[in-house]
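Data block below; observations after.
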Amino acid sequence: MKSDRSVLTGIHYVMGNEAIAEGAIAAGCRFFAGYPITPSSEIAEHMSKRLPQVGGSFIQMEDEIASSVACIGASYAGKKAMTATSGPGFSLMLESIGLAVMTEAPIVIVNAMRASPSTGQPTKTGQGDVMQPKWGSHGDYEIITLAPYSVQEAFDMMIDAFNLSERWRVPVIVLADETIVHLKEKLIIPPREKIRLKNRKVPRTSPEEYRPFKSNKDLVPTMAIFGSQYRFYASGLTHDERGYPDMTPEAQYRLVKRLNDKIRTNRDKITRVDQFMLEDAEIGIVSYGISARSAKGAVKEGRRRGMKIGMLRLRTIWPFPEEQIRDLAKRVKRVVVVELNYGQIIHEVDRFTGSTKIDLIARPSSEPIHPLEILEEIQN
Amino acid sequence: MIEGELKEYGHPLSEWIRGDRLPFVFCSGCTIGSTISCMARAFDRVIENRNNLVVVSGIGCTGRASGYFNTGAFHTTHGRTIPFATGVKIANPELDVVVFSGDGDIVAIGGNHLIHAARRNIGITVVCVNNFIYGMTGGQMAPTTPKGEYLTQSTPYGNIERTFNLVELAAASGATYVARWTALHQVRMEDSFANAILHAREFGMAFIEIVSACPTYFGKYNQMGDSIDMLKIFEDISEVVEPFTVSPGDAKSDLTKIVCGEFVKLNRAEFTHEYRRIIEASMKGS
Chain A
50 MKSDRSVLTG IHYVMGNEAI AEGAIAAGCR FFAGYPITPS SEIAEHMSKR LPQVGGSFIQ
110 MEDEIASSVA CIGASYAGKK AMTATSGPGF SLMLESIGLA VMTEAPIVIV NAMRASPSTG
170 QPTKTGQGDV MQPKWGSHGD YEIITLAPYS VQEAFDMMID AFNLSERWRV PVIVLADETI
230 VHLKEKLIIP PREKIRLKNR KVPRTSPEEY RPFKSNKDLV PTMAIFGSQY RFYASGLTHD
290 ERGYPDMTPE AQYRLVKRLN DKIRTNRDKI TRVDQFMLED AEIGIVSYGI SARSAKGAVK
350 EGRRRGMKIG MLRLRTIWPF PEEQIRDLAK RVKRVVVVEL NYGQIIHEVD RFTGSTKIDL
410 IARPSSEPIH PLEILEEIQN
Chain B
218 MIEGELKEYG HPLSEWIRGD RLPFVFCSGC TIGSTISCMA RAFDRVIENR NNLVVVSGIG
278 CTGRASGYFN TGAFHTTHGR TIPFATGVKI ANPELDVVVF SGDGDIVAIG GNHLIHAARR
338 NIGITVVCVN NFIYGMTGGQ MAPTTPKGEY LTQSTPYGNI ERTFNLVELA AASGATYVAR
398 WTALHQVRME DSFANAILHA REFGMAFIEI VSACPTYFGK YNQMGDSIDM LKIFEDISEV
458 VEPFTVSPGD AKSDLTKIVC GEFVKLNRAE FTHEYRRIIE ASMKGS
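Protein chains in written order, with this note's numbering: chain A, 50 to 429; chain B, 218 to 503.
Shown next, in the form of structure tokens:
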């Protein structure tokens, strides 16, 4: 009997990019389309080797636009599909994010952030793309974005990403950064039976009664695939429940409201934060990704020095964990946002901190902020 | 007196066309609709199971085509039909995938995807309806607008750009079945669509250009008359050649002469067949 090679249960010592690829395969991803770009290329390389071993397919496309739209095609043909890129490629994928939102195609996109704008510093790290998943594509939309801060979490979050994508029929962006994807550390891959997978809801009506964009209470329609008995039409145009283009203001209102509300009204089921030493904290750091890794060091050192300091780490960036920030602001005297850009997510945090003092530690730099630098800035 | 009840017969193509979507969105005299009908008749000949067929179109007049087929159908963003179709085909190689879109969509904004799909020889059928102009946006110059004193809304002084020969472009990029017809050649077009779908299944990418009449914009701006007048011009200037006797580079197409026929048929290895071998070998391997 052949061994199960989709979940490589055991202890490994690997870089973040490899953990991302293995997490995807363990999550059931069987299609990858991508275009080489630093610092995410190892994900594509690893997938090109591993996917055929588990019966999946890898294709190197002609650009990132093609890669992302091929994923939508593969998703509609019934495969869990993903692509991986970095800032310049992510900018090209924004068009497909809109199409995936409008046609409710579950896909996963990894953006291994590098120093930007434009070509920037391809081999260096950054967190300059944190607003882009939410606001980069045109129009009103809601999507899901996760930010891993360790190699282990990169693996775990890929499983979450596919589950969330299938559950809510939205593109899910995994916003990693150059440091995490090139960092090598311990990865524990659990046994297959410990990994919980979610699949999209499939229609149970007759083909005649099937309405591809009709939803029930949770606002998420069931999803038929090409090659099934359900023949449907899906379009990036504003459409009715049948998927047919509808150019009335009522159709626009109804569809765009539902596409947003299915995420907004289910925020509590989607957003995840991690609390670190916050029980008695007077200073609460808010951070994510590699900056949270630095900030964790700052919290530990601060505690050693007798400071009442802790951290709220955003595992979900979008939809933004509003309630958790409100709650933090009520408990601490001072909120400090730490991020490796010139100040982006602070504007979101600021909306929910009320009268609590809020400070920003941000660097438009290309190396992680040193924990002691964070601590010194907090103490000054 | 006639005995018995009257029986209602549906339209012979009603199985393939979504009746509740009719009438077509196209202008009076446009030949995209009759090209869709030809494709439906070709489907009727070669598709055994409608559920295994996916029609993909993009943005523009012809971009609306996929919505009329009672098959799996998807309407992508502008120019992205071919990579979408590529994703579908690789994810499920059992499906027949047909791209049905316009010249702006496939050759301008989607040009890069066209040449790479052809190079890859992925088993999809690409139908490019070429009406020499951007219709949906109001009649601007396209990479297919003939060079010279041809007027469009964005070439008010004539078109100084060279024109793509789509047959030559597809063949040079590696498409393994290449043909061209005008909207007038309904029977040959239907045969060619059927041939292309069968070819794509076995041997890789099929490309067919259909020269189409846009009386609303191209015809009007260039004093070509109504749709019938335009089709008469197509009849006068088109020359149907014997299959595979003229090389794609010599298959001229401008408004002095349109060479029509099948130009390329190469029995090469199709992409998903090749990839299947990699999957089978990898799954067996250590």
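Using N, Cα and C, we set each Cβ at its ideal position, and we do this for glycine too. Only a predicted model underlies this, so the values are computations on that prediction, with no experimental measurement involved.
Could you name the residues of the same chain whose beta carbon sits closer than 7 Å to that of residue i, not counting the 5 residues immediately before and after it, in chain order?
{"i": "Q278 of chain A", "result": "P256"}
{"i": "H490 of chain B", "result": "none"}
{"i": "G430 of chain A", "result": "Any answer about residue 430 of chain A is impossible in this case: the structure gives chain A only from 50 up to 429."}
{"i": "E497 of chain A", "result": "The structure shown has nothing for residue 497 of chain A, since chain A only spans 50 to 429."}
{"i": "M50 of chain A", "result": "Residue placement at M50 of chain A is poorly supported in this model, since its pLDDT is 39, which falls under 50; the coordinates still yield a value, given next. Closer than 7 Å at Cβ, skipping near neighbours: no residue."}
{"i": "S165 of chain A", "result": "G136, G175, G177 and D178"}
{"i": "N347 of chain B", "result": "D320, T361, L383, E426, I427, V428 and S429"}
For residue i, which of helix, strand or coil comes out of DSSP?
{"i": "T362 of chain B", "result": "coil"}
{"i": "Q373 of chain A", "result": "helix"}
{"i": "T254 of chain A", "result": "coil"}
{"i": "E258 of chain B", "result": "Position check: residue 258 of chain B holds Arg in this sequence, whereas Glu was assumed. Helix at R258 of chain B."}
{"i": "M206 of chain A", "result": "helix"}
{"i": "L483 of chain B", "result": "coil"}
{"i": "G122 of chain A", "result": "helix"}
{"i": "Y259 of chain A", "result": "coil"}
{"i": "D320 of chain B", "result": "helix"}
{"i": "M142 of chain A", "result": "helix"}
{"i": "W233 of chain B", "result": "coil"}
{"i": "S371 of chain B", "result": "coil"}
{"i": "M50 of chain A", "result": "Legend: pLDDT at M50 of chain A = 39, less than 50; position of this residue unreliable, value from coordinates given subsequently. Coil."}
{"i": "Q440 of chain B", "result": "coil"}
{"i": "G250 of chain B", "result": "helix"}
{"i": "H419 of chain A", "result": "coil"}
{"i": "T500 of chain B", "result": "A small fix is needed here, since residue 500 of chain B is Met in this sequence, not Thr. In this structure, M500 of chain B counts as helix in the three-state DSSP scheme."}
{"i": "F275 of chain A", "result": "coil"}
{"i": "K469 of chain B", "result": "coil"}
Tell whether a beta-carbon distance below 7 Å holds between residue i and residue j.
{"i": "L236 of chain A", "j": "H61 of chain A", "result": "yes"}
{"i": "I341 of chain B", "j": "A302 of chain B", "result": "yes"}
{"i": "S124 of chain A", "j": "I156 of chain A", "result": "yes"}
{"i": "T174 of chain A", "j": "E227 of chain A", "result": "yes"}
{"i": "L246 of chain A", "j": "G77 of chain A", "result": "yes"}
{"i": "F325 of chain A", "j": "G346 of chain A", "result": "no"}
{"i": "V103 of chain A", "j": "R163 of chain A", "result": "no"}
{"i": "I234 of chain B", "j": "N269 of chain B", "result": "no"}
{"i": "P420 of chain A", "j": "S343 of chain A", "result": "yes"}
{"i": "V387 of chain A", "j": "I334 of chain A", "result": "yes"}
{"i": "T480 of chain B", "j": "A468 of chain B", "result": "One point to set straight first is that residue 480 of chain B is Phe, not Thr, in the sequence displayed. Going by C-beta atoms, F480 of chain B is nearer than 7 Å to A468 of chain B."}
{"i": "K357 of chain A", "j": "E328 of chain A", "result": "no"}
Below 8 Å on the Cβ atoms is my contact criterion, and I expect residue i with residue j to pass it. Report the Cβ-Cβ distance as a whole number of Å.
{"i": "A509 of chain B", "j": "A400 of chain B", "result": "Look at the range of chain B in this structure, 218 to 503, and you will see that residue 509 of chain B is not part of it."}
{"i": "A115 of chain A", "j": "P220 of chain A", "result": "Not a contact, Cβ separation roughly 16 Å."}
{"i": "H292 of chain B", "j": "G285 of chain A", "result": "6 Å"}
{"i": "F262 of chain A", "j": "P270 of chain A", "result": "5 Å"}
{"i": "A411 of chain B", "j": "R281 of chain B", "result": "So it is not a contact: roughly 23 Å between Cβ atoms."}
I'd like the span of the beta strand (DSSP E) that includes residue i, first residue to last.
{"i": "Q393 of chain A", "result": "Careful: Q393 of chain A lies outside any beta strand (DSSP E) and carries neither H nor E."}
{"i": "H292 of chain B", "result": "G289 to H292"}
{"i": "H61 of chain A", "result": "G59 to M64"}
{"i": "E426 of chain B", "result": "A423 to V428"}
{"i": "P220 of chain A", "result": "P220 to D226"}
{"i": "I358 of chain A", "result": "I358 to L363"}
{"i": "D317 of chain A", "result": "Run containing D317 of chain A: none in the beta strand (DSSP E); it sits in the alpha helix (DSSP H), R316 to I319."}
{"i": "E191 of chain A", "result": "Note, E191 of chain A: premise wrong, no beta strand (DSSP E); not H, not E."}
Kindly list the residues whose CB is nearer than 8 Å to the CB of residue i, restricted to its own chain and excluding five residues on each side of it in sequence; keep chain order.
{"i": "V230 of chain A", "result": "M64, G65, N66, I69, P88, S89, E91, I92, A161 and A203"}
{"i": "R485 of chain B", "result": "N338, T393, F420 and G421"}
{"i": "I319 of chain A", "result": "I193, L213, W217, I312, T365 and P368"}
So the alpha helix (DSSP H) residue i belongs to, where does it begin and stop?
{"i": "Q301 of chain A", "result": "P298 to R313"}
{"i": "I307 of chain B", "result": "T298 to A308"}
{"i": "Q403 of chain B", "result": "Q403 to F420"}
{"i": "Q170 of chain A", "result": "Careful: Q170 of chain A lies outside any alpha helix (DSSP H), inside the beta strand (DSSP E) at Q170 to T174."}
{"i": "G431 of chain A", "result": "Here chain A comprises residues numbered 50 to 429, so residue 431 of chain A is not present and cannot be evaluated."}
Kindly list the residues whose CB is nearer than 6 Å to the CB of residue i, restricted to its own chain and excluding five residues on each side of it in sequence; keep chain order.
{"i": "E153 of chain A", "result": "R218"}
{"i": "F241 of chain B", "result": "G250"}
{"i": "G277 of chain B", "result": "G319, G321, D322 and M353"}
{"i": "P240 of chain A", "result": "T58"}
{"i": "D431 of chain A", "result": "Chain A is shown only over 50 to 429; residue 431 of chain A falls outside these bounds and no answer can be derived."}
Taking 6 Å as the cut-off, is the beta-carbon of residue i closer than that to any non-hydrogen atom of the ligand NAD?
{"i": "S255 of chain A", "result": "As far as ligands go, the structure on display features none, and thus does not contain the ligand NAD."}
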